[in-house]
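Colleague: So the first sequence is residues 440 to 551, counted in the working numbering.
Following this message is one structure expressed as structure tokens.
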Amino acid sequence: MSESKYQRIWQTALQIPAGKVASYGQIADLAGLPGRARLVGKALGYAPKELEVPWFRILRSDRRLAFAPGSETAEEQRQQLLIEGVILKNYRAKPQDVWQPDLGELLFKLNY
DNA sequence: ACTATGACTGATT
DNA sequence: TAATCAGCCATAG
Numbered sequence: 440m441s442e443s444k445y446q447r448i449w450q451t452a453l454q455i456p457a458g459k460v461a462s463y464g465q466i467a468d469l470a471g472l473p474g475r476a477r478l479v480g481k482a483l484g485y486a487p488k489e490l491e492v493p494w495f496r497i498l499r500s501d502r503r504l505a506f507a508p509g510s511e512t513a514e515e516q517r518q519q520l521l522i523e524g525v526i527l528k529n530y531r532a533k534p535q536d537v538w539q540p541d542l543g544e545l546l547f548k549l550n551y
């Protein structure tokens with residue numbers, strides 16, 4: 440597997456603040472991998488637990504959960520988000536909860 | 001080498 | 001608002 444790409448995706452996801460959400464495509468873009476939204480999903484699945492990557496803060500572009508409604512994973516995600524104050528309405532987050540990173544700061548932290 | 005797969009997207013209906 | 005569809009493209013096997 441392409442470890443370096445996954446690393447960048449993980450590092451980028453790590454920048455999402457608690458209480459905010461981002462889309463798969465958004466993370467891909469910020470990680471320097473435009474058009475690779477699906478790769479983000481895969482990378483999150485492979486993320487080492489000790490890295491504590493906030494996978495639950497990543498949603499689809501329409502702000503809905505990527506998992507089937509009612510599934511165990513979806514419920515866990517909803518729970519995690521609720522803890523951070525992100526309320527889901529029909530499995531959908533509010534626009535104001537979407538992360539809008541300061542690009543300058545992000546670039547500095549990720550130093551790509 | 002191939003190819004099926006998918007935690008996705010945007011456009012269209 | 002919601003469902004469908006074609007396009008997407010690196011990865012895994």
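Think of the CB as a built atom: it goes at the ideal place given N, C-alpha and C, for glycine as much as any other residue.
This one's a predicted model, so the numbers in the text were calculated from it and none came from an experiment.
Please identify the residue among Q519, G471, I466 whose C-alpha is closest to the C-alpha of G480.
Modeller: I466
Colleague: Do G464 and S500 count as a contact pair if the criterion is CB distance below 8 Å?
Modeller: yes
Colleague: Measuring straight from C-alpha to C-alpha, what distance separates K459 and P493?
Modeller: 10 Å
Colleague: Give me, in chain order, the residues of the same chain whose beta-carbon lies closer than 7 Å to that of W538; leave out the 5 immediate sequence neighbours on both sides.
Modeller: I455, P456, K459, V460, A461
Colleague: By Cβ distance below 8 Å, which residues in the same chain neighbour A513 in space, the five residues on each side in sequence not counted?
Modeller: L504, F506, A507, Y530
Colleague: For P487, tell me which candidate among D541, L549, W449 has the shortest Cα-Cα distance.
Modeller: W449
Colleague: Cα separation between A452 and K528?
Modeller: 23 Å
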